[in-house]
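In the working numbering, the protein residues as written are 63 to 525.
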Ligand SMILES: NC(=O)c1ccc[n+]([C@@H]2O[C@H](COP(=O)([O-])OP(=O)(O)OC[C@H]3O[C@@H](n4cnc5c(N)ncnc54)[C@H](O)[C@@H]3O)[C@@H](O)[C@H]2O)c1
């Protein structure tokens, strides 16, 4: 039975925000009067069949495929991977008749495949995405879209020439909570943005990319030569293959891997093209396991004023040995409040300075002579009305997605909808390069120990 507070809250919601009722309430109803549960939109209308194949079936390849198959009308058409164990696992899940191969070029020749998910290590993203679009396939490419800055324009060009749909896989941009945060920012709820702080700190070995290496890893079970691709030739090394993120030859460090999610979310929320100056600094502090990328990295980025937003500063940080336990959050700070977003929920805090300056407190006024004090108070009272002096009490509202909500499914829905309707996607190739740009420039800044200048409109490094 609804209490009066709860009924009032339900009435207040209206519009797209609606209370999520049922068993999930227990999990999220921390403060019933102040949490707005957002309702996922129903957007999967068409049932035209789309056949999708996975290229790169590791942690994310399986996760992405499971999410893609939740969109109505989507079928699995096959998988490609360089490790036999992952192909066997795919057959265990999707049946022994599933088409599997180690050769993505062979997979791309198959006419019964409409779209591919590219979830390989980063150094393969551009090669496979370009080959797939040229072979007539739509592409869901995991982030970062490219491993190196100079690879981005070729992906954009191929997408334009082939007319195929390409979406980049920073799925947070499709989250209903980010959509609501964006709406609140556009409505001016937190004033003019001046600072963004985002961190992804971790406290676990898997979080620090020390993944399990299967005991059967060998040159029989792994196609090592293909894995290397355009990276330097080296003898077989199972650690490099299964923990590729830890090496610059195949990955993009914490910036390309994790900053990119934070940057993508902020670009989407603010309709931003990106920063013009990037500086990053860091070190390898704790995970001395042979990796050649830092495990602590911080970056400062200057976003210039545009039609979409005021000038603001973005501060990003990853710490893989965060003894406080880890944290993943983004704070978008404005002159009249803050949005703290993370984990498919956010808190909106609003407060505003009164028009009149403070009187008293830790101020030079304290040390005025008695006469000066009384004259000053008289002047103050004449100059500022009661209204001018009225404080605006802080307000706090929480928004959350219902339990079980999966932004990745919404991201795939966006991809498949664009394929079906010939429409656009939320994270196209230009968005992908504009997000990858500052992330990869952070690596450059860290390596060269200098500020990197970036043209966010033309998507080019500047001298
Ligand atoms: N969007 C996200 O939240 C998210 C999360 C994790 C990873 N990712 C991205 O997904 C990608 C994969 O990461 P992961 O954690 O799944 O790595 P992983 O090592 O678990 O999987 C990569 C797989 O790709 C296969 N592979 C390598 N080269 C290949 C090639 N040329 N052809 C076919 N298969 C190939 C490997 O055999 C491996 O199974 C990365 O780009 C990563 O940044 C995204």
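Quick reminder that beta carbons are idealized off the backbone N, C-alpha and C, glycines included.
On the three-state DSSP scale, how would you describe residue i?
i, result
"residue 494", "helix"
"residue 524", "strand"
"residue 319", "helix"
"residue 501", "helix"
"residue 345", "strand"
"residue 234", "helix"
"residue 512", "coil"
"residue 389", "strand"
"residue 421", "coil"
"residue 450", "helix"
"residue 383", "coil"
"residue 99", "strand"
"residue 83", "Low confidence applies here, because residue 83 scores a pLDDT of 24, under 50, leaving its location unreliable; read the following figure in that light. Reduced to three states, the DSSP call for residue 83 is coil."
"residue 481", "helix"
"residue 187", "helix"
"residue 325", "helix"
"residue 277", "coil"
"residue 168", "helix"
"residue 151", "helix"
"residue 137", "strand"
"residue 353", "coil"
Does the distance between the C-beta of residue i and the nearest non-hydrogen atom of ligand 1 fall short of 6 Å?
i, result
"residue 203", "no"
"residue 298", "no"
"residue 148", "yes"
"residue 177", "no"
"residue 467", "no"
"residue 516", "no"
"residue 116", "no"
"residue 192", "no"
"residue 145", "yes"
"residue 441", "no"
"residue 317", "no"
"residue 521", "no"
"residue 289", "yes"
"residue 129", "no"
"residue 173", "no"
"residue 494", "no"
"residue 392", "no"
"residue 377", "no"
"residue 207", "no"
"residue 239", "no"
"residue 276", "no"
"residue 184", "yes"
"residue 231", "yes"
Using beta carbons (cut-off 7 Å, strictly below), is residue i in contact with chain B?
i, result
"residue 114", "Here chain B cannot be found, since the structure has a single protein chain."
Considering residue i, what are the terminal residues of the alpha helix (DSSP H) in which it resides?
i, result
"residue 219", "214–224"
"residue 407", "Run containing residue 407: none in the alpha helix (DSSP H); it sits in the beta strand (DSSP E), 407–414."
"residue 120", "Residue 120 -> no alpha helix (DSSP H), and no H or E assigned at all."
"residue 437", "432–445"
"residue 302", "300–304"
Which residues does DSSP pair with residue i in a beta bridge?
i, result
"residue 375", "257, 364"
"residue 145", "284"
"residue 404", "407"
"residue 399", "396, 412"
"residue 163", "142"
"residue 132", "None; residue 132 has no bridge partner."
"residue 462", "99, 407"
"residue 242", "Answer by DSSP bridge pairing: none, since residue 242 is not bridged."
"residue 359", "344, 380"
Measure from the alpha carbon of residue i to the alpha carbon of each residue in the options, then state which is nearest.
i, options, result
"residue 311", "445, 437, 295", "295"
"residue 518", "367, 280, 123, 300", "367"
"residue 332", "509, 254, 264", "254"
"residue 145", "286, 268, 213", "286"
"residue 229", "513, 514, 501, 472", "472"
"residue 512", "151, 305, 361, 313", "361"
"residue 231", "524, 166, 342, 202", "202"
"residue 452", "470, 371, 339, 443", "443"
"residue 393", "411, 387, 199, 301", "411"
"residue 280", "298, 135, 113, 290", "298"
"residue 133", "430, 478, 197, 249", "478"
"residue 119", "466, 525, 396, 152", "152"
"residue 495", "463, 322, 354", "322"
Taking 6 Å as the cut-off, is the beta-carbon of residue i closer than that to any non-hydrogen atom of ligand 3?
i, result
"residue 156", "No copy of ligand 3 occurs in the structure displayed; its ligands are ligand 1 alone."
If you follow the beta strand (DSSP E) that residue i is part of, which residue opens it and which one closes it?
i, result
"residue 273", "Element bounds for residue 273: n/a, residue is neither H nor E."
"residue 179", "177–180"
"residue 201", "200–203"
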